[in-house]
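Numbering (the working numbering), first residue to last: 147 to 457.
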């Protein structure tokens, strides 16, 4: 397991390398950059963690906001929204307790299970903390729950509480998002990781593109441009670093979603498996800067605030 000293040394090395990055100047880029997809956990807790497993040599280590901030702030990142991967209900509170002492943490997308009798009570409890901004579900439970009254009633509770729903899965989730948004037009939905489509330079998945168009017709649905390098990596190798490699897929979602509903996220620390954080930020920065200052500011913070409504 990576020691804290080794981890911080690597982080400081990345921060030092940031001197070559245009956002590393003391003034920063001149606008907020909010990373809406980070994960934090601590295997050193007495109860341990349900994820990641001890056999995961890359991720099984202490990963806390202070570790992320050490290299993200010098790159211009001004805040984050945490996505909770742990299925343990009390881990939602564990993150909220951290957030209460760290203004860099703007919000939490929690992990609760809709359709269970205790769901309403959990939502009421956690929503009392303004940093609790919604929950995430996977496409599997969404598919089985779309025709269940208790599942839909619980999802509606999110909209009623001014909370949002993150959805994770492959391209198959896109028609499901279309159906859910039709049933619950007041619910804000954030699709994670470009629906996890494989990125292969200029080669785009036609079925994925059609699904994107169906989901994008609902104005309350947002798309998180995250997990880019993971989706481009192959056979355990790091992903291409040239931003131009990603421009075809980014242009595709730009044409489909426009400048008001695309959101920045990294998926750190999982993203480290495929590429360093500076590479992730450089890819999206070069693309959105080509679309103008207003579009860049929306992508990096304003659209996220519209989706998550942190205060």
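A virtual CB, placed ideally from N, CA and C, is assigned to each residue, including glycine.
Whole-angstrom distance between residue j and residue i, CA atom to CA atom
| i | j | result |
| --- | --- | --- |
| residue 389 | residue 217 | 20 Å |
| residue 298 | residue 358 | 22 Å |
| residue 438 | residue 278 | 32 Å |
| residue 241 | residue 311 | 18 Å |
| residue 374 | residue 347 | 12 Å |
| residue 285 | residue 222 | 33 Å |
| residue 449 | residue 408 | 7 Å |
| residue 178 | residue 239 | 27 Å |
| residue 461 | residue 190 | Because the chain is modelled from 147 through 457, residue 461 falls outside the range shown and cannot be assessed. |
| residue 382 | residue 295 | 42 Å |
| residue 203 | residue 321 | 36 Å |
| residue 316 | residue 387 | 23 Å |
| residue 363 | residue 340 | 16 Å |
Proximity to residue i [Cα-Cα], best of the options
| i | options | result |
| --- | --- | --- |
| residue 293 | 326, 274 and 278 | 326 |
| residue 337 | 177, 183 and 176 | 183 |
| residue 188 | 271, 276, 231 and 440 | 231 |
| residue 268 | 275, 258 and 211 | 258 |
| residue 219 | 204, 181, 233 and 254 | 181 |
| residue 305 | 416, 273, 200 and 208 | 273 |
| residue 402 | 369, 392, 427 and 376 | 369 |
| residue 355 | 406, 396, 192 and 215 | 396 |
Residue i vs residue j beta-carbon contact at 7 Å
| i | j | result |
| --- | --- | --- |
| residue 445 | residue 410 | yes |
| residue 237 | residue 265 | no |
| residue 205 | residue 186 | no |
| residue 456 | residue 252 | yes |
| residue 307 | residue 345 | no |
| residue 453 | residue 420 | no |
| residue 398 | residue 350 | yes |
| residue 282 | residue 227 | no |
As assigned by DSSP and simplified to three states, the class of residue i
| i | result |
| --- | --- |
| residue 222 | coil |
| residue 354 | helix |
| residue 259 | coil |
| residue 363 | coil |
| residue 197 | coil |
| residue 179 | coil |
| residue 313 | strand |
| residue 229 | strand |
| residue 284 | strand |
Cβ neighbour criterion (16 or more within 10 Å) applied to residue i
| i | result |
| --- | --- |
| residue 256 | buried |
| residue 404 | exposed |
| residue 196 | exposed |
| residue 418 | buried |
| residue 168 | For residue 168, the predicted structure reports a pLDDT of 49, less than 50, and the residue's modelled location is therefore unreliable. A value from the coordinates is still provided. With fewer than 16 Cβ atoms within 10 Å of its Cβ, residue 168 is classed as exposed. |
| residue 194 | exposed |
Any non-hydrogen atom of the ligand MN closer than 6 Å to residue i Cβ
| i | result |
| --- | --- |
| residue 316 | With respect to the ligand MN, the structure offers nothing, as it holds no ligand at all. |
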